[in-house]
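Asks: Each residue of the sequence shown is one higher than the one before, starting from 1 at the first, in my numbering.
C-beta atoms are modelled at their ideal positions from N, C-alpha and C, and glycine is treated no differently.
Here's a structure for you.
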Amino acid sequence: MKYFGFIIFIFLSFQVFSQTGKQYFGQALIDVKDEKIISSIQLEVRKNPNVKVVRIDPLTSQILLITNELDSWSEREFISFFGAYSSKLKCVFTG
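Here it is, written out as structure tokens:
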């Protein structure tokens, strides 16, 4: 009987520490120089429920994006987060 409690504890521990998805990141350069447009792009991307962090450096036009936990992640999904400005992305790298 004392082993029964131990076995239940082990199963619950596995459930608590198991993850269903992973966090991913994306990096790119955006070919936009206007700081107001960059700020508006950043605000729009933040509204996406799959995005945890997005930073766009207006001086270097570099983007860093970190996702919430997802089952999969692709370059195409990363690019799609930028909507009308997705064609302005270059040097895209995801991982």
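By the DSSP assignment, the beta strand (DSSP E) with lysine 90 in it spans what residues?
Replies: Lysine 90 -> beta strand (DSSP E) spans 89-94.
Asks: With respect to the alpha helix (DSSP H) encompassing lysine 36, which residues constitute its N-terminal and C-terminal limits?
Replies: 35-46 is the span of the alpha helix (DSSP H), which, as asked, contains lysine 36.
Asks: Let me know if isoleucine 54 comes out buried or exposed under the rule of 16 or more other beta-carbons within 10 Å of its beta-carbon.
Replies: Note on identity: in this sequence residue 54 is valine, with isoleucine being the wrong assignment. Under this definition valine 54 is a buried residue.
Asks: Under the DSSP definition of a beta bridge, which residues are partnered with aspartate 71?
Replies: Its beta-bridge partners do not exist; DSSP assigns none.
Asks: With the cut-off set at 9 Å, would you say leucine 64 and glycine 26 are in Cβ contact?
Replies: For leucine 64 and glycine 26, yes; Cβs fall inside 9 Å.
Asks: How about leucine 29 and threonine 60: do their beta carbons lie closer than 9 Å?
Replies: Result yes, Cβ atoms of leucine 29 and threonine 60 sit closer than 9 Å.
Asks: Sort out for me which residues DSSP pairs glycine 26 with in a bridge.
Replies: Bridge partners of glycine 26: Leu65, Thr94.
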